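Please read the structure below before turning to the comments.
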Amino acid sequence: AAFCPGLGNALRTLWAKEPVIAASIGIAAVALVSPLLSPYTKYSGMINRATPYAYPGMDPKNPPKLPQKPA
Numbered sequence: 123a124a125f126c127p128g129l130g131n132a133l134r135t136l137w138a139k140e141p142v143i144a145a146s147i148g149i150a151a152v153a154l155v156s157p158l159l160s161p162y163t164k165y166s167g168m169i170n171r172a173t174p175y176a177y178p179g180m181d182p183k184n185p186p187k188l189p190q191k192p193a
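Take the sequence shown: its position 59, counted from the start at 1, is 181 in this note's numbering, and no numbers get skipped.
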């Protein structure tokens, strides 16, 4: 970490003193970065763009005729 010389030392100290917190920060960082690197994100976005939001036959002004429940 040449851009921030104290970062490596701070992480080393954090790992030595509080390994559980350091591990949870690492897991959170991986969880935040992994969707950006995953190919599934690309394909799920393509599927969401191709799927229509308003499905045909589901006009809110004309609801479909459903049989009434027996009282």
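Glycine included, C-beta positions come from ideal geometry on N, C-alpha and C.
Just so you know, these numbers come straight off a predicted model, no measurement behind them.
DSSP, read as helix, strand or coil, puts N170 in helix. Contact annotation: I147 and L136 have beta-carbon atoms nearer than 9 Å.
Membership of L188 in any alpha helix (DSSP H) is not indicated, and neither H nor E is assigned to it by DSSP.
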